[in-house]
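Residue 389 in the numbering used here sits at position 70 of the sequence shown; the count goes up by one each step and never skips.
Worksheet for the structure shown next.
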Amino acid sequence: MAAASLATSARADSFKPGYWVSTGREIVLQIDPCGKDLCGFIAGIALDHPGDAMPQDWRGRPQCGFLMLRVAPVEAGANNAPRWKGVLQDPRNGDVYRTTVKFDAAGNLDLHGYIGLPLLGRTQIWPKFHGRILPGCHAPSLDGKRAPGK
């Protein structure tokens, strides 16, 4: 049991903070350690047109800086890769999903969200984001480049 705790702690401590872009290219999520957990805040937002207002969450607050993801370390997965479990909240409507997070060898975020059983959920792969983010969460490299149907 103590060995498992040490292994879990080491994995959380070895996480490299960074930025990931959603599958639909709508947002950039900044993930950083927050205590022993990982927290993901909206750091960048795509606009449909230059000059559009930044979107608000379901409470009427700016989505910029919204805490969207909070996960705690769990045992390693099948290939001994670190995994985290926690919650993911949709800023548009406030819906909360359980989630499992891991990072692949290329540094992509593998995010599996679900309600109830993980088997009934959906997995998205979010690549690392290497663009720039302006003050106020504007991510100009994403503007007008949303995935079809988003």
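Ideal Cβ positions, reconstructed from N, Cα and C, are used throughout, including at glycine.
Below 8 Å between beta carbons: does that hold for V347 and I452?
yes
Nearest-angstrom Cα separation, counted from A458 out to Q335:
With the sequence shown as reference, residue 335 is identified as Lys, and Gln is not the correct amino acid for it. Cα to Cα, K335 sits roughly 21 Å from A458.
Given a threshold of 16 other Cβ atoms within 10 Å of its Cβ, counted over all protein chains shown, does M495 qualify as buried or as exposed?
Lying before the first or after the last residue shown, residue 495 is absent from the chain, which here runs from 320 to 469.
What residue from C383, G426, T418 and P381 has the CA that sits closest to H449's CA?
G426
Let me make sure I understand the geometry here. Which of T418, V393, F422 and Q408 has the alpha-carbon closest to that of L438?
T418
So if DSSP puts P446 in a beta bridge, which residue, or which two residues, is it bridged to?
Bridge partners of P446: none, in fact.
Report the residue ranges of all beta strand (DSSP E) runs contained in full by the segment 334-370; include only those spanning at least 3 residues, in chain order.
337-340, 346-353 and 356-364
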